[in-house]
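Encoded as structure tokens, the structure appears first; notes follow it.
Residue numbers (this note's numbering): 57 to 165.
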């Protein structure tokens with residue numbers, strides 16, 4: 057259970073940041089209504105707040121989150137934009153997840 061909470065917080069932060077960025081993108085690039093941009097901005101603020109729920113230091117939190125952001129961005133693009141990840145995308149995501157696991161869960165003295 058100790059591992060589940062940080063992963064859920066990272067996932068929630070990712071949804072806030074990627075979702076917020078996506079909504080701003082839709083507002084500015086696809087001509088969506090202004091409320092779309094406002095909601096996106098609010099989600100980006102929420103992302104900054106959610107990230108502070110992690111028990112680790114700022115640098116470690118953002119290093120791990122950066123890797124998760126890469127994987128979640130590929131998944132978001134696949135689901136929402138019809139982007140089809142190829143083998144290199146999947147392999148890169150897997151390597152990124154391995155790096156996240158090492159940074160976050162490697163036993164420390």
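A virtual CB, placed ideally from N, CA and C, is assigned to each residue, including glycine.
Next on the checklist: Classify residue 103: buried if its beta carbon has 16 or more other beta carbons within 10 angstroms, exposed otherwise.
Outcome noted: Locating residue 103 in the chain shown gives position 47, where the first residue counts as 1. Classification of residue 103: buried, given that the 10 Å Cβ count is 16 or more.
Item to check | For residue 113, three-class secondary structure by DSSP | outcome: Here residue 113 is taken as the residue at index 57 of the chain shown, counted from 1. Under the three-state reduction of DSSP output, residue 113 falls in the coil class, being neither helix nor strand.
Checklist entry - Any chance the region 94-113 sits against the region 60-78, with 3 or more Cβ pairs inside 8 Å? => result Result yes; three or more Cβ-Cβ pairs closer than 8 Å.
Checklist entry - If you check the beta carbons only, do residue 160 and residue 120 fall under 9 Å apart? => result Within the chain shown, numbered from 1, the residue matching residue 160 stands at position 104. Within the chain shown, numbered from 1, the residue matching residue 120 stands at position 64. Going by C-beta atoms, residue 160 is nearer than 9 Å to residue 120.
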